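Visitor: Before I ask anything, here is the structure I am working with.
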Amino acid sequence: MPQQHFLQTDSSRNRWAWFLFLTVSLGIIWLVILPRAAEIPHLHSEIKFLEQKKIDPTAMFYSDLETIEQTVQNINNFHQKKPNALW
Numbered sequence: 030m031p032q033q034h035f036l037q038t039d040s041s042r043n044r045w046a047w048f049l050f051l052t053v054s055l056g057i058i059w060l061v062i063l064p065r066a067a068e069i070p071h072l073h074s075e076i077k078f079l080e081q082k083k084i085d086p087t088a089m090f091y092s093d094l095e096t097i098e099q100t101v102q103n104i105n106n107f108h109q110k111k112p113n114a115l116w
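The numbering used here numbers the first residue of the sequence shown as 30 and each following residue consecutively.
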C-alpha cells in the first residue's frame with residue numbers, strides 16, 4: 030500500500046511540474062519573446078502598416094465575407110427549427 034501511495038504522489042508531482050513548466054514557458058513566450066519579435070524591423074513595419082490602415086489582423090479573411098451571409102442564414106434557420114438545441 031505505501032508504495033502505491035508514493036507512485037500516486039510522484040505522478041501528481043510530475044503533472045504539477047509539467048503544468049508549471051508549460052505555464053512559465055507560455056508566459057516567457059507571451060511576455061518576452063513576442064514583444065521582442067515585434068521590434069524586428071520587418072515585423073515592426075508590417076505592424077505599423079496595419080495600424081495606419083486600421084486593419085484588424087484578427088478579423089476574418091476577406092474570402093470569408095462572401096459566405097458569411099449564407100452562414101448567418103443557416104444559423105438562423107437552425108435556431109428557428111430547433112430553438113433549444115444549443116442553449
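Note that beta-carbon positions come from the ideal geometry of N, C-alpha and C, so glycine has one too.
In this text, all values refer to a predicted model and were calculated from it rather than measured experimentally.
Under the assumption that L72 contacts A66 (Cβ atoms under 8 Å), give the Cβ distance between them as a whole number of angstroms.
Guide: Between A66 and L72 the Cβ distance is about 6 Å, and since that is below 8 Å, they are a contact.
Visitor: Can you check whether the CB of P70 is closer than 8 Å to the CB of L79?
Guide: Their beta carbons are not under 8 Å apart, which means L79 does not touch P70 by this criterion.
Visitor: Could you spell out where the alpha helix (DSSP H) holding A66 opens and where it closes?
Guide: Start and end: L63 to A66.
Visitor: First and last residue of the alpha helix (DSSP H) that includes K77?
Guide: Taken as a continuous stretch (DSSP letters only), the alpha helix (DSSP H) holding K77 covers P70 to Q81.
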